Amino acid sequence: MKRRHLLLLLALAAIIRFSYLADYLASLPYGDAPIADAYVHDAFANRMLRGHLVDEEYTVRSPLFPVLLAGLKGIGLSFGAIYIFQMLLGLATVVLVYRISAHLFGDQAPLAPLIGASLFALYGSAAFHETKLLGVSVGVFFLVVAGSLILWARARRSVAEIPAGVALSLASLAVPQFALSAILVAVLQLARKRFGRALLFGLGFVVPLVPFSVRSHLAGAGLNPFPAQSGGMLYVGFHDGANGAFRPPVELDGPVVSITQKGRRAAEEETGRPLGTHEASNHFRAKAIRWIVDHPLGALRLIAIKVYRLAMAYEVPLNYDFQEERPDTPTLYAYPVPFSLLFVFGVAGFVMATRRRISQGILVALAVPTILTVLAFVVTARYRLPLAPFLAIWAGFALHVVLVENRKKLAVILGAASALLLVNPLDDPRFPAAAEQLNRASAYRGTNPERALAALDRAIAFTPEVPSLWATRTEFALSAGNLAEARRGLRETTRLAPDSATAALLRGEVMLLEDRARQSEAQAVWRAALAEAPGRKARNRRLLLALGASLRDEGNAGQTEAATLFRELLARDPRDATAHAELGLVQIAAGDFVAAEASFRHAAKNDPDSAGHWNNLGVALLRQQRHREACTAFREALAIDPAFARARQNLARCESIPTWIPG
């Protein structure tokens, strides 16, 4: 009977999940146009498939998911098939939640396993994240696998400690906080004097780390296989403007996807020396700790806000917004279980099980690191998702107790949950909604400019006072050649931020869209903006790039000044791929193909996913009559962008030139 009920639950969960996936792929652009973190993971995977297995940039992200993604793409799976793979892992997690609950509570609460598995199966955020290339679903799966194996090993006295360690290691390589769970599990085993099991568990945990540690070492980032962004995220969690959700300080302002790269540049400016990714992370960790020491009451207030957000706030968005997506994918409304319900009943279940002296050490060891990480960093739906399986297990036990044994407790728990849910003053839904529409605009930008502008209009409707949204809208209109919309966006950007460098940049670009002959006027606007804030040139990078690109087309005098501007940018940031590429174009125009080759190699190294950099490198090599190397560069460009017509033409030309003539 129990097995039949579980199979019925899995069938229901599968129907709802795959219906949601069909809605998602049909209604939203993200399915085959990954954005933000998903774009970075996809770019890393594509780079690995092109043979670039060692790269320092890989060390800023959790390493397992891009490798797994590369493997799935390498066997020919589409994005839709990868989402199905993640959904299958989600369904397997439902089964494991059932098995763990049955092991812990089956004798005392026979309904608890089915209730707990049902709660997790109907928790919408889990299915929501299974359609995103983020890695958290994979990490949660391996975490629950580890918990199931540990309990199985304890019951059967088997050597399953080794695969349990392997599973928890893989979970840690997908979601780094789970490494702390491994320490807690080992401590539990040692406390029970299970030294041999602790050794086997530790061996299993270490083995998967080795190849990733070696790759990190070869990339020049040391033997640490975990990503170098914890310091930056701690500073996001504790600074003057922090509010418990993702609100970065000015040094790290921008999307979460670029926080590590931007943080390293900011740390280098503050310290006055070049830093590695881990050194930059340590710099911001020290800043966060100093802030906590200097503002102890403020830190306690932030922790209290994070506790409330963790327990009661609705699905707090980061790059993706569950609430904003539901109107476009109505199947998400079929998931009735909010996180707050899991939390309230989960805490109640934990207390009830503790009073009955049920051993829960393994669940605590697997759940606590997520709580600590969220309270140290920020609360988002993605970050608290790993708690959901364990809260569902405890909540299943609590609901069994109150439904079967003591129904009076149900009213008390539901009353407490309702009171907390009715008071939620922390979240302003406008900004997450605007961010979601901005995500859609970015995904539509290359394929459907009209939809991109429509999404930006919806974002602006939520927050019309934000100048950066109007500036983004202006940039989209410029790239689409829509002069009327570009003028409108510029007008609003200038009204909201009249003295900003962005407004000056856009003013000049609109002039050029109106008439290319107005180049000197645009240059005058950009020079004036730079002259107004000579000490802030590092912040006006885009102005310098725009001015240099404009000067590049003006003959020798203009090219000389353009090269000076690009070199100034590179002196500030030697990893600026765009500045390297622009300098290379100046050198090509000047006939210095050897110098241009060096510039394009630097650009391709620092931005290896740009087909344009590889194509330009091929041109510089071709001008030096190094045909084989040039062909390789053009092929690399086409591997990145198969529709790149210019690279295809250059490759055809390159391959048509004989590389050996018989004497």
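One gets the numbering used here by counting positions in the sequence shown from 1 and adding 4 to each.
Here a beta-carbon is modelled for each residue, glycine too, at the ideal position from N, C-alpha and C.
Bear in mind the structure is a predicted one, so any value in this text is a computation, not a measurement.
Can you tell me where the alpha helix (DSSP H) with residue i in it begins and where it stops?
{"i": "L389", "result": "Careful: L389 lies outside any alpha helix (DSSP H) and carries neither H nor E."}
{"i": "H45", "result": "40 to 53"}
{"i": "L76", "result": "68 to 78"}
{"i": "V623", "result": "615 to 627"}
{"i": "Q364", "result": "First-last for Q364: undefined, no H or E at that position."}
{"i": "A26", "result": "6 to 31"}
{"i": "F381", "result": "Unbroken run through F381: none, as it is neither H nor E."}
{"i": "L509", "result": "505 to 518"}
{"i": "I166", "result": "165 to 178"}
{"i": "A594", "result": "Element bounds for A594: n/a, residue is neither H nor E."}
{"i": "V210", "result": "199 to 222"}
{"i": "N654", "result": "649 to 660"}
{"i": "I56", "result": "First, the amino acid is wrong: residue 56 is His here, not Ile. Counting along the chain, H56 falls outside any alpha helix (DSSP H), and DSSP gives it neither H nor E."}
{"i": "R630", "result": "Run containing R630: none; DSSP gives neither H nor E here."}
{"i": "R491", "result": "487 to 500"}
{"i": "Y102", "result": "83 to 109"}
{"i": "E328", "result": "326 to 329"}
{"i": "T478", "result": "471 to 483"}
{"i": "V408", "result": "Here V408 belongs to no alpha helix (DSSP H), and DSSP marks it neither H nor E."}
{"i": "L184", "result": "182 to 195"}
{"i": "A458", "result": "453 to 466"}
Would residue i and residue j be called neighbours here (beta carbons separated by less than 7 Å)?
{"i": "Q181", "j": "T377", "result": "yes"}
{"i": "A396", "j": "L346", "result": "yes"}
{"i": "L4", "j": "D41", "result": "Residue 4 lies beyond the range of the chain shown here (5 to 667); nothing can be said about it."}
{"i": "F354", "j": "W398", "result": "yes"}
{"i": "S129", "j": "A338", "result": "no"}
{"i": "A357", "j": "V189", "result": "no"}
{"i": "G241", "j": "L256", "result": "no"}
{"i": "Y24", "j": "A131", "result": "yes"}
{"i": "F290", "j": "L279", "result": "Note that residue 290 corresponds to Ala in the displayed sequence, not to Phe. Result no, Cβ atoms of A290 and L279 do not sit closer than 7 Å."}
{"i": "S603", "j": "H617", "result": "no"}
{"i": "S217", "j": "P229", "result": "yes"}
{"i": "Y127", "j": "V297", "result": "no"}
{"i": "E513", "j": "L482", "result": "yes"}
{"i": "S141", "j": "H133", "result": "yes"}
{"i": "A641", "j": "F597", "result": "no"}
{"i": "A447", "j": "I86", "result": "no"}
{"i": "A175", "j": "F146", "result": "yes"}
{"i": "M237", "j": "F381", "result": "yes"}
{"i": "F209", "j": "G169", "result": "yes"}
{"i": "A223", "j": "D59", "result": "yes"}
{"i": "V64", "j": "Q233", "result": "yes"}
{"i": "V529", "j": "R556", "result": "no"}
{"i": "D613", "j": "A47", "result": "yes"}
{"i": "Q523", "j": "S472", "result": "no"}
{"i": "A171", "j": "A202", "result": "no"}
{"i": "F648", "j": "G622", "result": "no"}
{"i": "F401", "j": "A113", "result": "yes"}
{"i": "L207", "j": "S173", "result": "no"}
{"i": "A463", "j": "A438", "result": "yes"}
Between residue i and residue j, how many whole angstroms is the CB-CB distance? I'm expecting something under 8 Å.
{"i": "A508", "j": "L460", "result": "Not confirmed; about 21 Å, so no contact."}
{"i": "V163", "j": "L204", "result": "6 Å"}
{"i": "L100", "j": "F89", "result": "Not really, about 17 Å apart at Cβ, beyond 8 Å."}
{"i": "Y239", "j": "T135", "result": "About 31 Å; that fails the 8 Å criterion."}
{"i": "L587", "j": "A615", "result": "About 19 Å; that fails the 8 Å criterion."}
{"i": "T497", "j": "T478", "result": "6 Å"}
{"i": "S105", "j": "G120", "result": "4 Å"}
{"i": "A37", "j": "P70", "result": "With a Cβ gap of about 18 Å, A37 and P70 do not count as contacting."}
{"i": "L153", "j": "V98", "result": "17 Å between Cβ atoms; not a contact."}
{"i": "A116", "j": "F124", "result": "A116 to F124, Cβ: 13 Å. No contact."}
{"i": "L403", "j": "V311", "result": "No, L403 and V311 are not in contact; Cβ-Cβ is about 23 Å, not under 8 Å."}
{"i": "G248", "j": "I166", "result": "Going by Cβ atoms, the distance from G248 to I166 rounds to 40 Å, so no, they are not a contact pair."}
{"i": "L442", "j": "E489", "result": "Incorrect: roughly 16 Å between the Cβ atoms, too far for contact."}
{"i": "L389", "j": "A371", "result": "With a Cβ gap of about 12 Å, L389 and A371 do not count as contacting."}
{"i": "L73", "j": "H107", "result": "About 32 Å; that fails the 8 Å criterion."}
{"i": "E440", "j": "E328", "result": "4 Å"}
What residues are listed by DSSP as bridge partners for residue i?
{"i": "V341", "result": "Y127"}
Give a single yes or no on whether residue i has its beta carbon closer than 6 Å to a heavy atom of the ligand ZN.
{"i": "S31", "result": "No copy of the ligand ZN occurs in the structure displayed, which carries no ligand at all."}
Does residue i have its Cβ less than 7 Å from a Cβ in chain B?
{"i": "Q628", "result": "The displayed structure is made up of one protein chain only, and chain B is not part of it."}
Curious, which full-length alpha helix (DSSP H) runs of at least 4 residues does the region 529 to 582 contain?
545 to 555, 559 to 576
Taking only runs of the alpha helix (DSSP H) that begin and end inside the region 125 to 155, which ones reach a length of at least 4 residues, in chain order?
128 to 134
Counting only runs that start and end within the region 239 to 301, where is the alpha helix (DSSP H) found for 4 or more residues in a row?
263 to 275, 281 to 298
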